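Visitor:
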Amino acid sequence: MNFTVESYRGAFAEALLELGEKLEHLVVLDADVARSTMTKKFAERFPHRFIQVGISEQDLVGTAAGLAIAGKLPLVSAFSMFLMRAWEQIRNTVARDRLNVKFVATHAGLSDYLDGSSHQSLEDIAIMRVIPNMNVVVPADAVSTRKLLFEIFQRHGPAYMRIGRDYAPRVYEDESEIKMGKINRLEDGDDVCIAACGVMTAMALHAAKILKKRGINAAVIDVHTIKPLDRRTLINMASRTGAFVAVEEHNIFGGLGSAILEEISEEYPVRMKRVGIRDTFGTCSRNYVSLLKHYGLDIESIVRAAEEVVK
Amino acid sequence: MGRLLRRALNEKQILILSHADGKFSSLNSLVSYLSEKYSISPSTLKLNAKILKDLGLIDYGSKNAPKNVEITELGRLVLALISASENDKGCCEYRHDCGRMGCSADMNGKVDCQNEVRVLDVHQISCQKPEDISAAISVHLRELSWKLKQRLREVLKPVGNWHLGSSLSVLDILLVLLTKWFILDNAKPDDNVLILSKGHCVPALYVILAEFGFIKDDDLKTFGDLGSKLPTHAKRGVPLVAVSTGSLGQGLSVANGIALASKMDGVRKNVYVILGDGELDEGQIWEAAMTAAHYRLDNVIAIVDRNGSQLNGPTEGIKSKEPLRERWKVFGWEVFEVDGHDHGQILDALMKAERVRGAPKVIIAHTGEG
Numbered sequence: 027m028n029f030t031v032e033s034y035r036g037a038f039a040e041a042l043l044e045l046g047e048k049l050e051h052l053v054v055l056d057a058d059v060a061r062s063t064m065t066k067k068f069a070e071r072f073p074h075r076f077i078q079v080g081i082s083e084q085d086l087v088g089t090a091a092g093l094a095i096a097g098k099l100p101l102v103s104a105f106s107m108f109l110m111r112a113w114e115q116i117r118n119t120v121a122r123d124r125l126n127v128k129f130v131a132t133h134a135g136l137s138d139y140l141d142g143s144s145h146q147s148l149e150d151i152a153i154m155r156v157i158p159n160m161n162v163v164v165p166a167d168a169v170s171t172r173k174l175l176f177e178i179f180q181r182h183g184p185a186y187m188r189i190g191r192d193y194a195p196r197v198y199e200d201e202s203e204i205k206m207g208k209i210n211r212l213e214d215g216d217d218v219c220i221a222a223c224g225v226m227t228a229m230a231l232h233a234a235k236i237l238k239k240r241g242i243n244a245a246v247i248d249v250h251t252i253k254p255l256d257r258r259t260l261i262n263m264a265s266r267t268g269a270f271v272a273v274e275e276h277n278i279f280g281g282l283g284s285a286i287l288e289e290i291s292e293e294y295p296v297r298m299k300r301v302g303i304r305d306t307f308g309t310c311s312r313n314y315v316s317l318l319k320h321y322g323l324d325i326e327s328i329v330r331a332a333e334e335v336v337k
Numbered sequence: 020m021g022r023l024l025r026r027a028l029n030e031k032q033i034l035i036l037s038h039a040d041g042k043f044s045s046l047n048s049l050v051s052y053l054s055e056k057y058s059i060s061p062s063t064l065k066l067n068a069k070i071l072k073d074l075g076l077i078d079y080g081s082k083n084a085p086k087n088v089e090i091t092e093l094g095r096l097v098l099a100l101i102s103a104s105e106n107d108k109g110c111c112e113y114r115h116d117c118g119r120m121g122c123s124a125d126m127n128g129k130v131d132c133q134n135e136v137r138v139l140d141v142h143q144i145s146c147q148k149p150e151d152i153s154a155a156i157s158v159h160l161r162e163l164s165w166k167l168k169q170r171l172r173e174v175l176k177p178v179g180n181w182h183l184g185s186s187l188s189v190l191d192i193l194l195v196l197l198t199k200w201f202i203l204d205n206a207k208p209d210d211n212v213l214i215l216s217k218g219h220c221v222p223a224l225y226v227i228l229a230e231f232g233f234i235k236d237d238d239l240k241t242f243g244d245l246g247s248k249l250p251t252h253a254k255r256g257v258p259l260v261a262v263s264t265g266s267l268g269q270g271l272s273v274a275n276g277i278a279l280a281s282k283m284d285g286v287r288k289n290v291y292v293i294l295g296d297g298e299l300d301e302g303q304i305w306e307a308a309m310t311a312a313h314y315r316l317d318n319v320i321a322i323v324d325r326n327g328s329q330l331n332g333p334t335e336g337i338k339s340k341e342p343l344r345e346r347w348k349v350f351g352w353e354v355f356e357v358d359g360h361d362h363g364q365i366l367d368a369l370m371k372a373e374r375v376r377g378a379p380k381v382i383i384a385h386t387g388e389g
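So the sequence lines, in the order shown, correspond to chains A and B. Heads up: take any position in the first sequence, counting from 1, add 26, and you land on the working numbering. Heads up: take any position in the second sequence, counting from 1, add 19, and you land on the working numbering.
1. Compare the C-alpha of E298(B) against each of G270(B), R315(B), N318(B) and name the closest.
2. Would you please verify whether the beta carbon of T251(B) is less than 8 Å from any beta carbon of chain A?
3. Terminal residues of the continuous beta strand (DSSP E) containing G302(A)?
4. Starting from the C-beta of M120(B), find all residues in its chain whose C-beta is less than 8 Å away, skip the five residues before and the five after it, and write them out in chain order.
5. So is Q115(A) buried or exposed if we call it buried at 16+ other beta carbons inside 10 Å?
6. Would a C-beta distance cut-off of 8 Å place T91(B) and D78(B) closer than the cut-off?
7. Going along chain B, which residues have a C-beta under 8 Å from D167(A)?
8. Use the C-beta contact count for G94(B): other C-beta atoms within 10 angstroms, 16 or more gives buried, fewer gives exposed.
9. If you measure from the beta carbon of D123(A) to each beta carbon in chain B, is any gap under 8 Å?
10. Taking 8 Å as the threshold (C-beta atoms), are L212(A) and V197(A) in contact?
11. Find out if the Cβ-Cβ distance for the pair H250(A), A166(A) is shorter than 8 Å.
12. So, does the segment 318 to 330 of chain B touch the segment 287 to 303 of chain B, judging by three or more C-beta pairs under 8 Å?
13. For F179(A), which of helix, strand or coil comes out of DSSP?
14. For L46(B), count the other beta carbons within 10 Å of its own beta carbon; 16 or more makes it buried, fewer makes it exposed. Which is it?
15. Could you tell me which residues DSSP pairs with Q78(A) in its beta bridges?
16. In chain order, what residues of the same chain have a beta carbon less than 8 Å from the beta carbon of N126(A), not counting five sequence neighbours either side?
17. If we ignore side chains and look at the alpha-carbon of each, how far apart do L98(B) and I33(B) end up?
18. Would you mind stating whether V221(B) and L213(B) have Cβ atoms separated by less than 8 Å?
19. For a test of the three-state rule: what should DSSP assign to F43(B), helix, strand or coil?
20. What residue does the beta strand (DSSP E) around S103(A) start on, and which one ends it?
21. List the residues that DSSP assigns as beta-bridge partners of R211(A).
22. Looking at C-alpha atoms only, which residue of L163(B), T198(B), D210(B), K217(B) is the closest neighbour of S186(B)?
23. Spatial neighbours of G207(A) within its chain, please: C-beta separation below 7 Å, excluding the five flanking residues on both sides.
24. Quick one: what's Y186(A) bridged to in DSSP?
25. Per DSSP, F72(A) is paired with what?
26. Establish whether the CB of K98(A) and some CB of chain C are separated by less than 8 Å.
27. If I follow the unbroken alpha helix (DSSP H) through S265(A), where does it start and stop?
28. Within the same chain, show all residues whose beta-carbon is closer than 8 Å to that of K299(A), passing over the 5 residues directly before and after it, in chain order.
29. Answer with buried or exposed for R35(A), where buried requires no fewer than 16 other C-beta atoms within 10 angstroms of its C-beta.
30. Please compile the residues from chain A whose C-beta is within a distance smaller than 8 Å of the C-beta of A321(B).
31. Enumerated in chain order, which unbroken segments of the alpha helix (DSSP H) with a length of 4 residues or greater are wholly contained in the segment 307 to 388 of chain B?
32. From K205(A) to E177(A), what distance separates their C-alpha atoms?
33. Within its chain, find whatever has a CB closer than 8 Å to the CB of A41(A); leave out the 5 residues flanking it on each side and keep chain order.
34. Counting only runs that start and end within the segment 214 to 247 of chain B, where is the alpha helix (DSSP H) found for 4 or more residues in a row?
35. L203(B) and L167(B): beta carbons closer than 8 Å?
36. So N87(B) is in the beta strand (DSSP E); what residue range does that whole segment cover?
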């Protein structure tokens, strides 16, 4: 594999500085992880627009809600797993009032590989996307992290953006167009559609190349916006290919695969395989890629799933 | 608030108000007395007296049927409030309020402000005792409180007295707060923020909002029904409800956020948060208490409705809250304690709390649910 890899967090931190210049009401909130989420850079550049609440995620979310009520543009950044302990605050205080709070959760999926299962967030997409008014985006790489960060500020209301702690292989060019709510078709093909999000998107592209050599034309789509889901493109792909593979760094329950199934099974049911964490917790590892492989999140698994589904 | 009232009423009006004690048999005799003593033109005094009469603060009959110049109950209340703030601040601030550059009035109440010769009179007013405020407030609000509690019972009866006790215990607190906000301070809805962290007490707010004309009486009858404008728990969109609540323990964090934003914008805005004593069990309250103290959010005023009871029984039986004063204190808050049904005490605490700078404030209001 020959990849250019770039840091999710680095891209986020840089884009945030740009946004800080553009949006004078942008305020960044932190619960003592600014060094890890890299919002520290924002804190250094705009100290008066950075609020540290200490290790208290529930208070973090509530405080952000207050800032939004007062007309600010609060961005909450935290480890995905620990933001989830404030799920109820996100639901009841932020989402019910459709407050304009943006959440950027880092260290998502298995990307906090060394810290192990307590830190690995494999359920967040499921529990965020069931909240009414919430938007959920999962960027595939550094370029889309930057672009989608700008996108979520274009739309009023709460949004949850999920990025990894680590590096992601580059999927997009700097000038690629990435719009929230619109699936990006990365590879054309008629035999099977591989739908991916996050860091798995690069692997899906590579799997498509292998499949091509084996005579299977696989389409690859990047479903970076899990909510609102681009239903039309999904139905279109289902009718074109008749077979789906969903790939995600998340529990197979409630994530991207579930979202797609819910949508297409009502209108155009097709055969489908899910590649994801099979309802288990993570574990620690010294190496991210080995950990992904351990749970079947690798190119071979995607290829195998695609071959099975087109049989 | 005293300062606000003093702005709402000019010095001449305060002077007239303080002499409207029934001793003058007509407006003309009062005007000529004041005019001579303070060298103010009679026409200016008459104009100001007319304004006071229109505001319902004094009465002197009509041109054809003149009466002794008497202060009304409302006038007495206003005067007491002005004097209460004078009492705490001393007269110097009043004199500095003369608004002229170069005023060199000293701090001892001596009359050496060249611009305002009426200082002494106001100083005399300021010597009224704090108990006077309590009495004046009580007269004004006692009946209203009784009426609103009756209405509250009517509103909640069709829904099986839904959280009636919790609304009854907080009603006087809200009544004084909103009276101060809208009548005494003459402020607008956006000038302050109210958060009902114990969102199930919103019926108490509804009956007061109806009394103040923010919502319709008819809407009260639909409380909690499908499609009603007045849901059971506080919902953003209802007048004065800044944020939807219902899940306990979340209001203080939101208040902090609003208070922080106000500080960033350099806007002076008080954020009042009504907390239940039961919801103090929630950890988030104490997370937020630390945040408010850390950022010295002196624009946050929390009021704990200390009714001593929560869903499953007495608060001290479920999980003890005491020593509550000390708990807030060590978290870095300025603490006040009042009888939550004594309007004068509540008002007094609110006024004192507003003046404290550099720390968040909490008023522990001891209440009953009856």
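C-beta atoms are modelled at their ideal positions from N, C-alpha and C, and glycine is treated no differently. Bear in mind the structure is a predicted one, so any value in this text is a computation, not a measurement.
Guide: The relevant details are as follows:
1. Along the second sequence, read from residue 1 onward, the residue named residue 298(B) stands at position 279. For the residues G270(B), R315(B), N318(B), the minimum Cα distance to E298(B) belongs to G270(B).
2. Your numbering for residue 251(B) matches position 232 in the second sequence. It does not; no Cβ of chain A falls within 8 Å.
3. Taking the first sequence and counting its residues from 1, the one referred to as residue 302(A) is at position 276. 297 to 303 is the extent of the beta strand (DSSP E) around G302(A).
4. Residue mapping note: residue 120(B) aligns to position 101 of the second sequence, counting from 1. The predicted model places M120(B) with a pLDDT of 35, which falls under 50 and marks its position as unreliable, so this point remains unresolved.
5. The sequence position of residue 115(A) within the first sequence is 89, counting from 1. With 16 or more Cβ atoms within 10 Å of its Cβ, Q115(A) is classed as buried.
6. Locating residue 91(B) in the second sequence gives position 72, where the first residue counts as 1. Locating residue 78(B) in the second sequence gives position 59, where the first residue counts as 1. A contact, by the Cβ cut-off of 8 Å.
7. Working through the first sequence from its first residue, we reach residue 167(A) at position 141. Going along chain B, no residue has its Cβ under 8 Å from D167(A), so there is no contact; the nearest lies around 33 Å.
8. For the purposes of this step, residue 94(B) is taken as residue 75 along the second sequence, with counting starting at 1. It is buried - the Cβ of G94(B) has at least 16 other Cβ atoms within 10 Å.
9. Mapped onto the first sequence, residue 123(A) falls at position 97. Yes - at least one Cβ of chain B is within 8 Å of the one on D123(A).
10. Position 171 of the first sequence, counted from the start, is the residue given in the question as residue 197(A). Position 186 of the first sequence, counted from the start, is the residue given in the question as residue 212(A). Going by C-beta atoms, V197(A) is nearer than 8 Å to L212(A).
11. The count along the first sequence starts at 1 and reaches residue 250(A) at position 224. The count along the first sequence starts at 1 and reaches residue 166(A) at position 140. Yes, these two residues count as a Cβ contact at 8 Å.
12. yes
13. For the purposes of this step, residue 179(A) is taken as residue 153 along the first sequence, with counting starting at 1. In the structure shown, F179(A) sits in a helix (DSSP, three-state: H, G or I).
14. Within the second sequence, numbered from 1, the residue matching residue 46(B) stands at position 27. Per the 10 Å Cβ criterion, buried.
15. In the first sequence, the residue the question calls residue 78(A) occupies position 52. BP columns for Q78(A) point to D56(A).
16. Counting from 1 along the first sequence, the entry for residue 126(A) is found at position 100. Excluding residues within five positions, the ones whose Cβ falls inside 8 Å are A94, L99, P100, H182, G183, P184.
17. Taking the second sequence and counting its residues from 1, the one referred to as residue 98(B) is at position 79. Taking the second sequence and counting its residues from 1, the one referred to as residue 33(B) is at position 14. Whole-angstrom Cα-Cα distance: 8 Å.
18. Within the second sequence, the letter at position 202 stands for residue 221(B). Within the second sequence, the letter at position 194 stands for residue 213(B). No, the pair does not count as a contact, with Cβ atoms beyond the cut-off.
19. Counting from 1 along the second sequence, the entry for residue 43(B) is found at position 24. Correct three-state label for F43(B): coil.
20. If you number the first sequence from 1, residue 103(A) lands on position 77. Per DSSP, S103(A) belongs to the beta strand (DSSP E) from 99 to 105.
21. Taking the first residue of the first sequence as position 1, residue 211(A) is located at position 185. Looking at the DSSP assignment, R211(A) forms a beta bridge with I247(A).
22. Stepping through the second sequence from its first residue, residue 186(B) is reached at position 167. When each option's Cα is compared against that of S186(B), the closest is K217(B).
23. Taking the first residue of the first sequence as position 1, residue 207(A) is located at position 181. So the qualifying residues of the chain are T251, P254, D256.
24. On the first sequence, position 160 is the one that residue 186(A) refers to. BP columns for Y186(A) point to F129(A), V162(A).
25. Along the first sequence, read from residue 1 onward, the residue named residue 72(A) stands at position 46. The partner list for F72(A) (beta bridge, DSSP) is empty, contrary to what the question assumes.
26. The question asks about chain C, but that chain is absent: this structure's protein chains are A and B.
27. Residue mapping note: residue 265(A) aligns to position 239 of the first sequence, counting from 1. First-last of the alpha helix (DSSP H) with S265(A): 257 to 267.
28. By 1-based counting over the first sequence, the position of residue 299(A) is 273. Hits under 8 Å: F270, V271, A272, A331, A332, E334, V335.
29. Numbered from 1 along the first sequence, position 9 holds the residue referred to as residue 35(A). R35(A) is buried by the Cβ-count criterion.
30. Looking up residue 321(B) in the second sequence gives position 302. The premise fails here: A321(B) is roughly 14 Å from chain A at the closest Cβ pair, so nothing lies under 8 Å.
31. 334 to 337, 343 to 349, 362 to 374
32. Your numbering for residue 205(A) matches position 179 in the first sequence. Your numbering for residue 177(A) matches position 151 in the first sequence. One C-alpha to the other measures close to 7 Å.
33. Position 15 of the first sequence, counted from the first residue, corresponds to residue 41(A). Closer than 8 Å at the Cβ level, and outside the excluded window around A41(A), lie T171, R172, L175, F176.
34. 221 to 230, 236 to 240
35. By one-based count along the second sequence, residue 203(B) stands at place 184. By one-based count along the second sequence, residue 167(B) stands at place 148. No, Cβ-Cβ distance for L203(B) and L167(B) is not below 8 Å.
36. Looking up residue 87(B) in the second sequence gives position 68. Per DSSP, N87(B) belongs to the beta strand (DSSP E) from 85 to 90.
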